[in-house]
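A.B. asks: In full-length UniProt numbering, the protein residues as written are 1 to 690. Idealized CB from N, CA, C, for every residue including glycine. Nothing here was measured: the structure is a model prediction, and the numbers come from that model. Pasting in a structure now, in structure tokens, and then I'll have a few things to ask.
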């Protein structure tokens, strides 16, 4: 029988920790929260200082019973839930359920699941931090008061299944506001002029910079013609050559937000997927003979700080594999978000020596790719700056000044390991200009003007939306992924080419909330509320006071909305065809997994059909079928036969309407980040796509 009981949230975490603690410790999982507010009601006693009405979560009774039995037999119980507000609340609920004394040193926290970290944590258990518990309760209660009061209103006035929340409503507003900007955008004409120059065998380009020493905007063809009329001959004269050495420092290790952004850019991961895979890496991976090991530190953090031990290990690794010239000299000034709590370290590998190649065989493809990203980012942050040789040359003819810029990587520094992605996906060009001297004449082949029009601001990608929410102080590390998931599941927004587009339903709901609950959508109000809730965690404010200040006004708005909010009828969009079963019109409906077609004569006729798009290709598996484009439950496009389920042909790659010239089998389009090509599904035939 074990002397001590340790309770964590998940079986994977329990397995990893149990290996380090030995036979005297029994490690069990609570499977997340066992106590929470009821789903069937608000669960907050407004008349009694907003006291939460906690219950055992449905289905968690057997789990709690097992934990109580184990606790009675143990000499001491340790609560080792995650090191954040949510984990502290889980520990607090368990302590009450298991009759653990309030002042008992039962709480164990660690930032990484490694042997040393676990053993050190169990040497210094502490009391449950009620400031953290109150901070979690405050957010939970506030979200309940908002969601469980506004949502029923929306069900009554619009349609069932809708919801509203503090953070999700602001996120939807940001997406809708951006869409309005795009719709109202008026393009403005502008021009550029580029000169194609050559010196000996070297060719390079220079762009129009100024006229008679002054900047000039080129807004029309007339402006361009005026510039071109000033140029005489076929040469430009070098007026100034500037050479300098430029240093580029690496970015800081990952926070939750920056990890979600970079995983979206480089790995094409959704925020939800990033956090799911990161959780697996944190809780532990079976590394064969070494056993189960946590590969990264805790993944919910807003800090870029890393421990001295991790810095020392990184330095040794860099010196061994790249040389001492690649190590960082001194400490750089850290740029930390003003909202950062800095409670944990950055997201980093628990052991730098476990480089991605050494553990690749034990990881799934997604685990490997995310671990590699985290490992490279942290190691690069401890490396020397990259050094670039840059050159700027001004060339003139008739008062018309052109400027050519070039740069060459002199010393790669951290770029040997990692460079940060960007939202437009463009890579820096490494281009060095030929040597030139002031007064030298350089011939040009052509000077070519180009017409352009200003572009509207881009729609939000997941990465861009997370970044903007963080900058505005909307939400916190643990809320970004669930927020983006919720607004899509509620069909308030959809993804089009990986960018958020508001739906009609989203616009209707937002309009109602904006009319009756404007403070919910106010960015400054929401950011202030986040800071106030953080102050509870610091022990600076009482959570009941913050909730009360909000609720007094909110309650009055609820009463007004109940009386004045008008019902909104969302009419089904005609699908343009009749039901083959009863002859009534088919309409588009929105379901759990997106749009589908249904008979307008529901409930008398329950005929439904998936929305399909023919691509003009015969099915290669049957005589009667046509290949159609479909969407999976996760909104991913695939291709299948329209005779399903009689024909089960399916392909993730798009089939094309001709056969392989080598073997007569089906050809498909294969898309990569760099290009699209056509290849055979059977033989090695391959060609470039037109």
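In terms of alpha-carbon separation, which member of 597, 559, 582 and 16 lies closest to residue 574?
C.D. replies: One-based indexing of the chain shown puts residue 574 at position 574. Among 597, 559, 582 and 16, the Cα nearest to that of residue 574 is on 597.
A.B. asks: Looking at the structure shown, is residue 237 part of a helix, part of a strand, or coil, going by DSSP?
C.D. replies: Looking up residue 237 in the chain shown gives position 237. Note: residue 237 maps to strand in three-state DSSP.
A.B. asks: To the nearest whole angstrom, what separates the beta carbons of residue 398 and residue 231, a pair I think is in contact under 8 Å?
C.D. replies: Translated into the one-based positions of the chain shown, residue 398 becomes position 398. Translated into the one-based positions of the chain shown, residue 231 becomes position 231. Sure, about 5 Å apart at Cβ, within 8 Å.
A.B. asks: Return the first residue and the last residue of the beta strand (DSSP E) that residue 574 is part of.
C.D. replies: Position 574 of the chain shown, counted from the first residue, corresponds to residue 574. Where residue 574 is concerned, the enclosing beta strand (DSSP E) stretches over 573 to 578.
A.B. asks: Alpha carbon to alpha carbon, what distance is there between residue 212 and residue 502?
C.D. replies: Along the chain shown, read from residue 1 onward, the residue named residue 502 stands at position 502. Along the chain shown, read from residue 1 onward, the residue named residue 212 stands at position 212. Each residue's alpha carbon lies about 48 Å from the other.
A.B. asks: Would you decide whether residue 124 is buried or exposed? Buried here means 16 or more other CB atoms lie within 10 Å of its CB.
C.D. replies: Within the chain shown, residue 124 is the residue found at index 124, counting from 1. By the neighbour-count rule (16 or more Cβ atoms within 10 Å), residue 124 is not buried but exposed.
A.B. asks: Which same chain residues, not among the five before or five after residue 315, have their C-beta less than 7 Å away from its C-beta?
C.D. replies: For the purposes of this step, residue 315 is identified with residue 315 of the chain shown, where counting begins at 1. For residue 315, where only same-chain residues beyond five positions count, the Cβ hits under 7 Å are 327 and 382.
A.B. asks: With distances taken from CA atoms, which of 60, 45, 55 and 81 is nearest residue 27?
C.D. replies: Here residue 27 refers to the residue found at position 27 when the chain shown is read from its first residue. Selected option, being the one with the closest Cα: 81.
A.B. asks: Can you check DSSP and say which residues form a bridge with residue 680?
C.D. replies: For the purposes of this step, residue 680 is taken as the residue at position 680 of the chain shown. Partner residues in the beta bridge of residue 680, as assigned by DSSP, are 667.
A.B. asks: Going by Cα to Cα distance, which pick from 636, 562 and 412 is closest to residue 152?
C.D. replies: Locating residue 152 in the chain shown gives position 152, where the first residue counts as 1. Comparing Cα positions, the closest option is 562.
A.B. asks: Nearest CA to the CA of residue 461: which residue from 178, 91 and 42?
C.D. replies: Working through the chain shown from its first residue, we reach residue 461 at position 461. Among 178, 91 and 42, the Cα nearest to that of residue 461 belongs to 178.
A.B. asks: Nearest to residue 611 by CA position, among 601, 278 and 586, is which residue?
C.D. replies: As a working note, residue 611 is residue 611 in the chain shown. Nearest of 601, 278 and 586 to residue 611, Cα basis: 586.
A.B. asks: Using a Cβ-Cβ cutoff of less than 6 Å, which residues in the same chain neighbour residue 445 once the five nearest sequence positions on both sides are dropped?
C.D. replies: Counting from 1 along the chain shown, the entry for residue 445 is found at position 445. These residues qualify, in order along the chain: 196.
A.B. asks: Contact between the segment 102 to 117 and the segment 32 to 39 is defined here as three or more beta-carbon pairs at a separation below 8 Å; is this criterion met?
C.D. replies: The segment 102 to 117, when compared against the segment 32 to 39, does not touch it at the 8 Å Cβ threshold.
A.B. asks: Classify residue 80 as helix, strand or coil using the three-state DSSP reduction.
C.D. replies: In the chain shown, the residue the question calls residue 80 occupies position 80. Three-state DSSP puts residue 80 in coil, outside helix and strand.
A.B. asks: Could you tell me the alpha carbon to alpha carbon distance between residue 584 and residue 600, rounded to whole angstroms?
C.D. replies: On the chain shown, position 584 is the one that residue 584 refers to. On the chain shown, position 600 is the one that residue 600 refers to. Near 6 Å, if we compare the C-alpha coordinates of residue 600 and residue 584.
A.B. asks: Helix, strand or coil: which one does DSSP assign to residue 652?
C.D. replies: Here residue 652 corresponds to residue number 652 of the chain shown, with the count starting at 1. Reduced to three states, the DSSP call for residue 652 is coil.
A.B. asks: Just to confirm before moving on: does the CB-CB distance between residue 310 and residue 359 stay below 8 Å?
C.D. replies: Stepping through the chain shown from its first residue, residue 310 is reached at position 310. Stepping through the chain shown from its first residue, residue 359 is reached at position 359. No, the pair does not count as a contact, with Cβ atoms beyond the cut-off.
A.B. asks: For residue 219, I'd like the list of residues in its chain whose CB is within less than 8 Å of its CB, leaving aside the five on either flank, ordered along the chain.
C.D. replies: Counted from its first residue, the chain shown places residue 219 at position 219. Cβ within range, chain order: 188, 189, 190 and 191.
A.B. asks: Under 8 Å, do residue 684 and residue 668 count as touching if we go by C-beta distance?
C.D. replies: The residue you call residue 684 lines up with position 684 of the chain shown. The residue you call residue 668 lines up with position 668 of the chain shown. No. Outside cutoff.
A.B. asks: By how many angstroms is the C-alpha of residue 579 removed from the C-alpha of residue 602?
C.D. replies: Looking up residue 602 in the chain shown gives position 602. Looking up residue 579 in the chain shown gives position 579. So the alpha carbons of these two residues sit roughly 11 Å apart.
A.B. asks: Considering only the alpha carbon of each residue, which of 93, 61, 29 and 175 lies closest to residue 495?
C.D. replies: As a working note, residue 495 is residue 495 in the chain shown. Checked all of 93, 61, 29 and 175; the closest Cα to residue 495 is 175.
A.B. asks: In chain order, which continuous runs of the alpha helix (DSSP H) of length 4 or greater are located wholly inside the segment 154 to 230?
C.D. replies: Counting only runs of 4 or more, we get 166 to 184 and 221 to 230.
A.B. asks: Any idea which residues DSSP pairs residue 639 with across the strands?
C.D. replies: Along the chain shown, one-based indexing puts residue 639 at 639. Answer is 629 and 651, bridged to residue 639.
A.B. asks: Residue range of the alpha helix (DSSP H) that residue 421 falls in?
C.D. replies: Taking the chain shown and counting its residues from 1, the one referred to as residue 421 is at position 421. Counting along the chain, residue 421 falls outside any alpha helix (DSSP H), and DSSP gives it neither H nor E.
A.B. asks: Excluding five sequence neighbours on each side, which residues of the same chain lie with their C-beta closer than 8 Å to the C-beta of residue 74?
C.D. replies: Along the chain shown, one-based indexing puts residue 74 at 74. Here the set comprises 2, 3, 4, 5 and 26.
A.B. asks: If we count the other Cβ atoms within 10 Å of its Cβ and call it buried at 16 or more, is residue 136 buried or exposed?
C.D. replies: By one-based count along the chain shown, residue 136 stands at place 136. It counts as buried.
A.B. asks: Could you tell me the distance, in whole angstroms, from the CA atom of residue 486 to the CA atom of residue 270?
C.D. replies: Within the chain shown, the letter at position 486 stands for residue 486. Within the chain shown, the letter at position 270 stands for residue 270. Their backbone Cα atoms lie some 13 Å apart in a straight line.
A.B. asks: Among the residues of its own chain, which have a CB less than 7 Å from the CB of residue 380, if the five just before and after it don't count?
C.D. replies: Locating residue 380 in the chain shown gives position 380, where the first residue counts as 1. Result list for residue 380: 250, 414, 417 and 418, in chain order.
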